[in-house]
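K.L.:
Dropping a structure here in structure tokens format, bear with me for questions.
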């Protein structure tokens, strides 16, 4: 059974169909990438799946449950986690606190316990802290745990967002351009991390402009153009698809390695 | 690290409360000190609302009014002990905050400011106009809680000023402890997270409206208890306690001292309570100088007095 089912999803902004009738599915442990030129509707699609935008048409199912229009915090409880293309870091908080925020669902208790600093709260918080340090170690940020997040480099913040998203122990992870703005070494690290996560059984839905990365790690690719799905399939099939070449790889594809946006 | 900061803040605060009386030239200063602590208490509440959760309120004096008049009215009409009246006032404030917070906290920025302002004005209008109950703008007498005579019976003679200095200082310390506990707890982290990014907070599972409401209710209880203490120590209360100027004063104290820190808030409350007393040498220009000081602080120390000073000291040590 698939973990995520997207069915005929669509949304319009003032007459413009930003996403129109897009369907696909993601299975556990599978890496599905959504590609397409800038403005194709990739991030909009992510925002609908993660509950930030209310879809105009179609439906989203998570583990067989219809979750169309469900609030993001409820989706998080059901095992969906994401990162953002334009970083959404808690800038004023420390690096560790950012990841701890990702442990909110497992460390939260009664507000009274928090005010009185009761042992139960402290136990939950220290468990979360141990987990958070492990995740920070995994993205090589453990030495910066006590620094204010806003002072970190762009590449480090990208990794911090991934660590925070992983803190939820998600079943499905939506990564919106995790390698954007990262150098070759950092990109390779993210590449490894994503493969590891998929091997653990986490379903990955990825938006990425780095074609080398996408082609290397994806099991399945969905191609969007002007909000519509124009092709899907495994990397080899998609890269040969004439519609894809025409819309994306062909006439406009000038920089093979890296396109920011 | 955060844990150490908590105990340092509490140690500094306790030391100040205990040691300051050693340099008091007269008994009058106990009164001033008690007033500083009461103001600081409501400002610590605002640190939770503004500093942690990033929400604004220009109507928190309304809750102070509820707390104050609960202590004035409940003993007289319900026969409650003034201390139970304080608890009742806090409960009413919490319920009121939960009720109005739900719709109001959907608003952001200046819309939220105006909506909370409306609430504050509403409370102060009710207190001013319900003359039969509240005595209207002339205010009303608050009965003595009898705690001082209780101490006397135990053989401990303290003046009114000394008693309220100690009592308010103790409550402030408890309030600061709770606020500092909250800061480094799951709830406090959730509040600070939504302050940083509501979208990201929601995607990590934080129920944003619920956490905002918690901050609003908790800060309302702080303001209410502060209002109650003010009524009890003055023995007299007027609707000014719920007035718009009092709300503005609270927010100004919080921002001036440093809205992110509990100690800073206390510092801001102290400055803004003491400055007018010092500035009386400027006679009619008092308000002018006060305004000037605030403008200068905001221009040169936008994070507030205490955080800016702390940062400068840290920089020098490096």
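Chains as they are written, first to last, in our numbering: chain A, 1 to 261; chain B, 1001 to 1318.
In this text, a Cβ means the ideal position worked out from N, Cα and C, and glycines have one as well.
(1) In whole angstroms, what separates the C-alpha of residue 1299 of chain B from that of residue 1031 of chain B?
(2) What does residue 108 of chain A reach in chain B if we use C-beta pairs closer than 8 Å?
(3) So, does the CB of residue 137 of chain A fall closer than 9 Å to a CB anywhere in chain B?
(4) Please state if the CB of residue 1082 of chain B and the CB of residue 941 of chain B are separated by a distance shorter than 9 Å.
(5) State whether the region 54 to 72 of chain A contacts the region 1167 to 1183 of chain B, with contact taken as three or more CB pairs (one from each stretch) at a distance under 8 Å.
(6) Residue 1019 of chain B to residue 1273 of chain B, Cα distance in whole Å?
(7) In terms of residue numbering, what span does the alpha helix (DSSP H) encompassing residue 164 of chain A cover?
(8) For residue 114 of chain A, go through chain B and note every residue whose CB falls closer than 8 Å to its CB, in chain order.
(9) Closer than 8 Å between beta carbons: that is the criterion. Which residues of the region 1197 to 1211 of chain B meet it against chain A?
(10) Run down chain A in chain order and give the residues with a C-beta less than 8 Å from the C-beta of residue 1214 of chain B.
(11) Please report how far the alpha carbon of residue 234 of chain A lies from the alpha carbon of residue 211 of chain A, in whole angstroms.
(12) Within the chosen definition, does the region 1306 to 1314 of chain B reach the region 1253 to 1265 of chain B through at least 3 CB pairs nearer than 8 Å?
(13) Report yes if the C-beta distance between residue 27 of chain A and residue 227 of chain A is below 9 Å; otherwise report no.
(14) Can you tell me whether residue 1131 of chain B is buried or exposed, with buried defined as 16 or more other CB within 10 angstroms of its CB?
(15) Compare the C-beta of residue 72 of chain A against all C-beta atoms of chain B and say whether one is closer than 9 Å.
(16) Since residue 5 of chain A sits in a beta bridge, which residues does DSSP pair it with?
(17) Short of 7 Å in beta carbon distance, which residues of its chain neighbour residue 1222 of chain B, apart from the five on each side in sequence? Order them along the chain.
(18) Can you list, in chain order, the residues of its chain whose CB lies under 8 Å from that of residue 1066 of chain B, leaving out five sequence neighbours each side?
(19) Going by alpha carbons, who is nearest to residue 1077 of chain B out of B:1168, B:1134, B:1036 and B:1038?
(20) Which chain B residues are close to residue 46 of chain A, counting only those with a beta carbon under 7 Å from its beta carbon?
(21) What residue range is occupied by the uninterrupted alpha helix (DSSP H) comprising residue 192 of chain A?
(22) For a contact meaning CB atoms closer than 8 Å, what does residue 1178 of chain B contact in chain A?
(23) In whole angstroms, what is the alpha-carbon distance linking residue 194 of chain A and residue 36 of chain A?
(24) In whole angstroms, what separates the C-alpha of residue 261 of chain A from that of residue 247 of chain A?
(25) For residue 1164 of chain B, does the count of other Cβ atoms within 10 angstroms reach 16, so buried, or fall short, so exposed?
(26) Can you grab the Cα-Cα spacing for the pair residue 259 of chain A / residue 1294 of chain B, in whole Å?
(27) Have a look at the DSSP bridge pairing and note the partners of residue 17 of chain A.
P.N.:
Let me lay it out:
(1) Counting from 1 along the second chain, the entry for residue 1299 of chain B is found at position 299. Counting from 1 along the second chain, the entry for residue 1031 of chain B is found at position 31. Taking the CA atoms as reference points, residue 1299 of chain B sits about 32 Å from residue 1031 of chain B.
(2) Within the first chain, the letter at position 108 stands for residue 108 of chain A. Here the neighbours are 1186, 1187 and 1190.
(3) By one-based count along the first chain, residue 137 of chain A stands at place 137. It does not: the Cβ of residue 137 of chain A has no partner Cβ on chain B nearer than 9 Å.
(4) Outside the modelled stretch of chain B, which goes from 1001 to 1318, sits residue 941 of chain B, for which no answer is possible.
(5) With the cut-off at 8 Å, the region 54 to 72 of chain A and the region 1167 to 1183 of chain B do not touch.
(6) Within the second chain, numbered from 1, the residue matching residue 1019 of chain B stands at position 19. Within the second chain, numbered from 1, the residue matching residue 1273 of chain B stands at position 273. Whole-angstrom Cα-Cα distance: 19 Å.
(7) Locating residue 164 of chain A in the first chain gives position 164, where the first residue counts as 1. Residues 154 to 166.
(8) The sequence position of residue 114 of chain A within the first chain is 114, counting from 1. Residues of chain B passing the Cβ test: 1181, 1182, 1185, 1186, 1187 and 1188.
(9) Correct list: 1197, 1199, 1200, 1201, 1202, 1203, 1204, 1205, 1206, 1207 and 1208.
(10) Reading the second chain from its first residue, position 214 is the one you call residue 1214 of chain B. Residues of chain A passing the Cβ test: 111.
(11) Mapped onto the first chain, residue 234 of chain A falls at position 234. Mapped onto the first chain, residue 211 of chain A falls at position 211. Note on geometry: alpha-carbon atoms of residue 234 of chain A and residue 211 of chain A lie some 13 Å from one another.
(12) yes
(13) Residue 27 of chain A sits at position 27 when you count from the first residue of the first chain. Residue 227 of chain A sits at position 227 when you count from the first residue of the first chain. It is not a contact, given that the beta carbons lie outside the stated cut-off.
(14) Walking along the second chain from the start, residue 1131 of chain B turns up at place 131. It counts as exposed.
(15) Position 72 of the first chain, counting from 1, holds the residue named residue 72 of chain A. Yes, residue 72 of chain A counts as interfacial toward chain B.
(16) Within the first chain, residue 5 of chain A is the residue found at index 5, counting from 1. The partner list for residue 5 of chain A (beta bridge, DSSP) reads A:25 and A:61.
(17) What you label residue 1222 of chain B is simply residue 222 of the second chain in a count that begins at 1. Excluding sequence neighbours, residue 1222 of chain B sits near 1041, 1042, 1044, 1045 and 1175.
(18) By one-based count along the second chain, residue 1066 of chain B stands at place 66. Excluding residues within five positions, the ones whose Cβ falls inside 8 Å are 1089, 1092, 1093, 1096, 1123, 1224, 1227 and 1242.
(19) Stepping through the second chain from its first residue, residue 1077 of chain B is reached at position 77. Nearest option by C-alpha distance: B:1134.
(20) Numbered from its first residue, the first chain carries residue 46 of chain A at position 46. Within 7 Å Cβ-Cβ: nothing; residue 46 of chain A doesn't reach chain B, min ~11 Å.
(21) Walking along the first chain from the start, residue 192 of chain A turns up at place 192. Under the DSSP assignment, residue 192 of chain A falls in the alpha helix (DSSP H) whose first and last residues are 184 to 199.
(22) Working through the second chain from its first residue, we reach residue 1178 of chain B at position 178. Result: 115 and 116.
(23) The count along the first chain starts at 1 and reaches residue 194 of chain A at position 194. The count along the first chain starts at 1 and reaches residue 36 of chain A at position 36. Going by the C-alpha atoms only, they are around 20 Å apart.
(24) Translated into positions along the first chain, residue 261 of chain A becomes position 261. Translated into positions along the first chain, residue 247 of chain A becomes position 247. Any answer about residue 261 of chain A is weak, because its pLDDT of 42 lies below 50 and its placement is not dependable; what the coordinates show is given next. The straight-line gap from Cα to Cα measures roughly 17 Å.
(25) The count along the second chain starts at 1 and reaches residue 1164 of chain B at position 164. Buried: at least 16 other Cβ atoms inside 10 Å.
(26) Mapped onto the first chain, residue 259 of chain A falls at position 259. Mapped onto the second chain, residue 1294 of chain B falls at position 294. Unreliable placement is indicated for residue 259 of chain A, whose pLDDT of 46 sits below 50; the coordinate value is still reported in the next sentence. A direct Cα-to-Cα measurement between residue 259 of chain A and residue 1294 of chain B gives close to 49 Å.
(27) Mapped onto the first chain, residue 17 of chain A falls at position 17. Answer is A:12, bridged to residue 17 of chain A.
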